[in-house]
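Trainee: Going down the list, the sequences are from chains Z and E. Mapping the first sequence onto the working numbering, position 50 (from 1) lands on 52, and the numbers just tick up by one. Mapping the second sequence onto the working numbering, position 154 (from 1) lands on 235, and the numbers just tick up by one. Quick one: the structure is below, questions incoming.
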Amino acid sequence: MLNEQKIRGILFYLSVSIFFIGLPFILSYALGYKFNPRTLKFTQTGLISIKTQPQGAHIYLDSKLLDEKTPSTLSELLPGTYSIRLESEDYYPWEMQVDVYPRRITRIEKVILFPKRLNIKQLNKGSVSYFYIDQERKNIYYFNRQDSILYESDLEGERFKELSVLPKSFKGMPKGLRLSEDKEKILLFNSHQICVLYLSPKGSLLYGQNSLMLDYPGKQIIQVFWHSDSYHLILVTDKNISVLETNILSNELSLVNLNGFPSELFYDIDRDSLYFSDYQMGNDGAVYENVYKLEFSEKASIISSVVKLRQNERE
Amino acid sequence: MKENSLRKRVFEIIPGFLSWGIILTLVILAFINPVSCAVIILVFDFYWIIRTLYLTTLLVMAHHRLYRERSKDWLKACPKNNFYHLIIFPVYKEGLDILRPSLEAINKCHYPKDKIIVVVAFEERNPDARNNARVLESEFRDSFHIYLSTFHPAGIAGEKPTKGANATWAAKEAKIVLNRSGIRDEDIILSCFDADTCVNEEYFGCLTYHFTKSPKPHQSSYQPMPVYNNNIWQAPSFARLVEISSSFCQMIEGMRLEKFVTFSSHSMSFKTLVDIGYWPVDMISDDSVIYWKAFLFYKGDYRVIPLYLTVSMDIAYSNSFIKTIKMQYKQKRRWAWGVENFPFLMNGFLNDRDIPLIKKVRRGFHLLETHVTWAVWAVILLFIGPLPVIFGGTFFNQMAIGYNLSKITGLLLNFTLFTSLVWIVLSRLILPPRPKEVSRFKNVIMTMEWFLVPFIILILGSTPALDAQTHLALGKYMEFNPTPKSKKMV
């Protein structure tokens with residue numbers, strides 16, 4: 003029993019000693035001080051935290067190669083400017099002059115080392131004049147002007163295949179390509195034509211046809227959007243905004259006459275709303291550019307609200 | 082009288098005030114001065130690691146002692162064994178399934194049965210008390226020198242419904258019977274056991290040995306090592322871990338003789354119990370307050386001698402996880418209510434002129450420090466530790482300490498992994514043999530369950546103590562709420 007109590011006493015005082023001896027070192031290290039055994043003084047230091055992508059880069063501090071690799075924190079650095087160089091085989095090196103402040107940490111944590119050998123590959127299998135990426139479906143659509151063929155592949159260029167052939171009557175290069183919400187139709191348009199391609203037979207309203215061509219010789223098409231029902235199209239030309247059905251027999255319904263060329267267009271398919279800008283002459287005779295929201299949902303009126311975003315007085 | 086009650090209130094408020102003061106100061110510092118807060122957290126973390134390593138070493142030493150002494154023939158080593166052993170089991174709602182194994186364990190002890198007096202102390206207010214008493218009397222009447230059933234009436238003036246009140250009633254009844262039989266108080270060694278306490282066969286031999294070898298046997302209490310082995314293989318992981326940790330804490334305390342205080346089932350001189358006026362009848366923590374009563378009575382010349390033999394008790398658990406947590410929480414809060422000893426002791430110290438001041442300061446400080454540390458350690462480690470980094474803002478996170486705080490804390494706390502490994506090994510060594518009906522796979526579960534420790538710390542680390550101290554500080558005194566125990570799950 004006595005022996006145990008003696009041992010316990012020794013352990014107790016040993017623990018107390020470790021606490022009081024170790025504590026100043028732990029606190030000084032944490033606060034950014036370094037103990038100099040020669041002068042028996044604590045000096046202020048700073049840190050540099052380095053993280054790279056990819057990890058494992060060699061670190062050169064003032065041209066001296068360090069043992070540690072990234073990610074790493076260089077501690078107990080005296081305040082001043084240091085040259086940091088990060089090197090990794092097969093990657094471009096990264097270099098910077100870094101200031102170290104007393105009791106502070108300088109963070110270099112967003113370094114990307116770019117590979118010397120570029121990871122690049124060709125995705126299309128034939129010549130391509132135009133391409134469109136559908137992020138949701140993770141597909142790429144390619145258009146070849148020479149043979150008017152539409153191709154598709156995944157984002158890696160795999161499963162490259164012919165999708166459809168555009169009618170010969172479609173002239174020139176498409177200005178845009180849009181996939182319908184139901185993913186069964188694609189529209190391509192140029193300045194005066196809209197071509198709708200049916201990707202599956204059930205998408206077609208006209209039996210035996212896999213495309214629909216709409217011509218607008220008197221107008222210049224600026225943009226075409228799919229309505230969320232994947233049947234109506236919102237057509238914006240230099241003259242007006244109209245809505246039409248993807249049916250050869252239907253007529254175009256003009257909704258808004260435009261006073262000028264819209265500088266910005268955005269179609270919110272979740273709410274079936276078109277945001278556009280147009281000019282308007284005020285009662286004071288000045289011309290204002292306004293931003294409008296045009297709703298196409300079932301409940302909405304044609305133009306539900308007008309938001310004045312900015313007023314540019316024109317002389 | 083008024084001055085006394087005001088003084089008592091002040092001492093009741095101090096532990097809760099200190100605990101909340103430490104927590105709130107650190108939280109406020111985390112917002113207004115995160116660097117200072119981080120420094121305090123680092124000091125505390127380092128202190129905690131050193132303390133954990135130190136206490137784990139003591140645990141290993143205590144375990145070694147327990148292992149060494151478990152097979153000793155204590156009775157043979159006793160210079161004389163003419164002492165009578167009076168064993169009191171204060172009972173409230175515990176049924177025959179709990180009491181019978183406890184009495185059978187005493188019956189199996191090697192100590193001569195003609196020197197053993199058993200008192201089962203029932204509460205009159207329990208409707209099953211008379212019937213249970215009759216059944217047990219029929220089974221154990223002839224097993225011991227005297228077997229006595231007592232019935233503590235409810236509603237005695239000045240009493241609260243506590244275990245201490247019941248035990249005091251039983252001890253007074255026993256004294257009348259024993260003195261009438263010609264047995265003197267100084268020849269009786271008293272053991273006050275929880276109803277589910279199953280003693281080791283050598284317990285009374287070991288107790289008698291230490292009693293006779295002690296230079297001041299009447300100025301000592303004798304504390305066995307409580308383990309919760311009765312139903313350890315059946316109890317759920319959560320409850321099992323909590324109780325194993327409690328046993329380990331008690332083993333560690335047993336190594337710190339100058340701070341050791343009685344806990345749960347323990348033994349002492351019956352003469353001393355009579356001299357100091359029995360257990361307090363209005364306090365919940367009767368097991369520890371009886372020590373302080375004797376300490377004050379003997380002017381600080383009173384100690385607890387650890388007995389390196391185990392007494393086995395039940396783990397409180399239920400068939401529902403939530404109910405088990407609630408039961409464990411209430412039990413730990415009742416243990417933490419031992420903070421009521423602080424005002425009791427301080428009042429005693431102020432009324433005393435003989436105990437040396439240094440002794441008063443040391444014991445008072447230790448009692449206060451134990452309870453305050455209990456109430457704040459898990460809060461500081463788990464909740465306040467990350468606050469400076471979260472709320473310190475850009476400035477703090479650009480500071481060296483902003484970066485180093487979590488790094489050093491993580492490194493320091495990794496040291497506790499080592500101590501956890503020691504605890505896992507020791508927990509395996511104190512386990513009773515696996516019952517045949519329990520799968521071998523349970524061995525794996527019982528090792529893996531130690532990963533639940535952070536979760537347990539979260540719930541039962543500090544909150545029961547903080548809860549108890551807050552109630553005491555607000556003057557909302559706790560009622561005695563015995564932990565429901567049954568061999569069938571509650």
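Just so you know, even glycine gets a beta-carbon here, dropped at the ideal spot from N, CA and C.
Taking valine 362/E and alanine 246/E to be in contact with their CB atoms under 8 Å, please state how far apart those CB atoms are, rounded to whole angstroms.
Mentor: Indeed, because the Cβ distance is near 4 Å, the residues count as touching under 8 Å.
Trainee: Do we get a CB-CB distance below 8 Å when we pair lysine 8/Z with the residues of chain E?
Mentor: For lysine 8/Z, the answer is no, since every Cβ of chain E falls outside 8 Å of its Cβ.
Trainee: Leaving out five residues on either side along the sequence, give the residues of the same chain with a beta carbon under 7 Å from the beta carbon of proline 298/E.
Mentor: Once the five neighbours on either side are set aside, the close Cβ partners of proline 298/E are Phe292, Ser350.
Trainee: Listed from N- to C-terminal order along the chain, which residues in the region 485-517 of chain E have their beta-carbon within a distance smaller than 7 Å of any beta-carbon of chain Z?
Mentor: So the list reads Asn485, Leu486, Ile489, given in the order they occur along the chain.
Trainee: What in chain Z is Cβ-close to methionine 336/E, meaning under 9 Å?
Mentor: The answer, in chain order, is Glu6, Gln7, Arg10.
Trainee: In terms of residue numbering, what span does the alpha helix (DSSP H) encompassing serine 327/E cover?
Mentor: It spans 318-336 - the alpha helix (DSSP H) in which serine 327/E sits, taken as one unbroken run.
Trainee: Among residues of its own chain, excluding the 5 on either side of serine 152/E, which ones have a beta-carbon nearer than 6 Å to its beta-carbon?
Mentor: The answer is none, since no qualifying residue turns up.
Trainee: Can you name the start and end residues of the alpha helix (DSSP H) that alanine 251/E belongs to?
Mentor: Alanine 251/E -> alpha helix (DSSP H) spans 244-261.
Trainee: Can you tell me which of the three DSSP states serine 17/Z falls into?
Mentor: DSSP places serine 17/Z in helix when its eight states are reduced to three.
Trainee: Using a Cβ cut-off of 8 Å, which residues of the region 121-149 of chain E contact any Cβ in chain Z, in chain order?
Mentor: Answer in chain order: Leu123, Val124, Phe127, Tyr128, Ile131, Arg132, Leu134, Tyr135, Thr138, Leu139, Met142, Arg146.
Trainee: Which residues bound the alpha helix (DSSP H) around arginine 414/E?
Mentor: Here the alpha helix (DSSP H) through arginine 414/E covers 402-417.
Trainee: Within a Cβ cutoff of 7 Å, which residues of the same chain sit near asparagine 207/E, ignoring the five residues on either side of it in sequence?
Mentor: Within the same chain, asparagine 207/E has close Cβ partners Tyr173, Lys174.
Trainee: Is alanine 375/E close to chain Z? Criterion is C-beta to C-beta, closer than 8 Å.
Mentor: Answer no: the Cβ-Cβ gap between alanine 375/E and chain Z never drops below 8 Å.
Trainee: Cα separation between lysine 127/Z and tyrosine 93/Z?
Mentor: Approximately 30 Å between the Cα atoms of the pair.
Trainee: In this structure, how does DSSP classify arginine 87/Z when only helix, strand and coil are distinguished?
Mentor: Strand at arginine 87/Z.
Trainee: Give me the Cα-Cα distance between aspartate 184/Z and glutamine 137/Z, rounded to the nearest whole angstrom.
Mentor: Taking the straight line joining both Cα atoms gives about 14 Å.
Trainee: Counting only beta-carbon separations shorter than 8 Å, does methionine 480/E have a partner in chain Z?
Mentor: Chain Z contact via Cβ: present.
Trainee: Look at the alpha carbon of threonine 500/E and the alpha carbon of serine 328/E, and state the distance between them as a whole number of angstroms.
Mentor: The alpha-carbon atoms of threonine 500/E and serine 328/E are separated by roughly 16 Å.
Trainee: Would you mind reading off the limits of the beta strand (DSSP E) that contains valine 113/Z?
Mentor: First-last of the beta strand (DSSP E) with valine 113/Z: 107-114.
Trainee: Pop quiz: serine 346/E and proline 307/E are said to be a contact at Cβ under 8 Å. What is the actual Cβ separation, rounded to whole angstroms?
Mentor: Their Cβ separation, rounded to whole angstroms, is 6 Å, which keeps serine 346/E and proline 307/E in contact under 8 Å.
Trainee: Let me see if you follow: with CB-CB separation under 8 Å, is phenylalanine 14/Z close to chain E or not?
Mentor: With 8 Å as the cut-off, phenylalanine 14/Z counts as an interface residue toward chain E.
Trainee: In three-state terms, what does DSSP make of proline 516/E?
Mentor: Coil, per DSSP.
Trainee: Look at the Cβ atom of leucine 553/E, then the Cβ atom of glutamate 421/E, and state whether they are nearer than 8 Å.
Mentor: Contact: yes.
Trainee: Can you name the start and end residues of the beta strand (DSSP E) that phenylalanine 232/E belongs to?
Mentor: Counting along the chain, the beta strand (DSSP E) containing phenylalanine 232/E begins and ends at 227-233.
Trainee: From Ile526/E, Asn163/E, Leu493/E, Phe319/E, pick the residue whose C-alpha is nearest to that of alanine 32/Z; which is it?
Mentor: Answer by Cα proximity: Leu493/E.
Trainee: Can you pull out the residues from the region 40-63 of chain Z whose beta carbon lies closer than 7 Å to at least one beta carbon of chain E?
Mentor: Listed in sequence order: Gly48, Leu49, Ser51.
Trainee: According to a CB-to-CB cut-off of less than 8 Å, which residues of the region 263-288 of chain Z neighbour chain E?
Mentor: Listed in sequence order: no entries.
Trainee: Check the Cβ-Cβ distances between methionine 570/E and every residue of chain Z, and say whether any is below 8 Å.
Mentor: Note that methionine 570/E scores 45 on pLDDT, short of 50, meaning its location in the model is unreliable and no value can be drawn from it.
Trainee: Which two residues bound the contiguous beta strand (DSSP E) that contains methionine 529/E?
Mentor: That residue, methionine 529/E, is in no beta strand (DSSP E); its alpha helix (DSSP H) goes 522-529.
Trainee: Which term fits glutamine 550/E, buried or exposed, when burial requires 16 or more other beta carbons within 10 angstroms of its beta carbon?
Mentor: The residue in question, glutamine 550/E, is buried, as its Cβ has 16 or more Cβ neighbours within 10 Å.
Trainee: Near isoleucine 489/E, what residues of its chain come up, given a Cβ to Cβ distance below 7 Å and the 5 sequence neighbours on each side ignored?
Mentor: Contacts found: Leu123.
Trainee: Are three or more beta carbon pairs between the region 394-410 of chain E and the region 476-484 of chain E nearer than 8 Å?
Mentor: Not touching, per the Cβ criterion.
Trainee: Given that isoleucine 28/Z touches chain E, what residues does it touch there, using C-beta distances under 7 Å?
Mentor: Here the neighbours are Leu123, Phe127, Ile489.
Trainee: Excluding five sequence neighbours on each side, which residues of the same chain lie with their C-beta closer than 7 Å to the C-beta of valine 198/Z?
Mentor: If we look at valine 198/Z and ignore the five residues flanking it on each side, its Cβ neighbours are Lys187, Leu189, Ser213, Leu214, Thr248.
Trainee: Just to confirm the assignment: which complete beta strand (DSSP E) runs, minimum length 3, are found wholly within the region 354-410 of chain E?
Mentor: Entirely contained in the region 354-410 of chain E, the beta strand (DSSP E) runs reaching 3 residues are, in chain order, 384-393.
Trainee: Tyrosine 31/Z versus chain E: which residues are under 9 Å apart at the beta carbon?
Mentor: Those are Ala481, Asn485, Ile489, listed as they occur along chain E.
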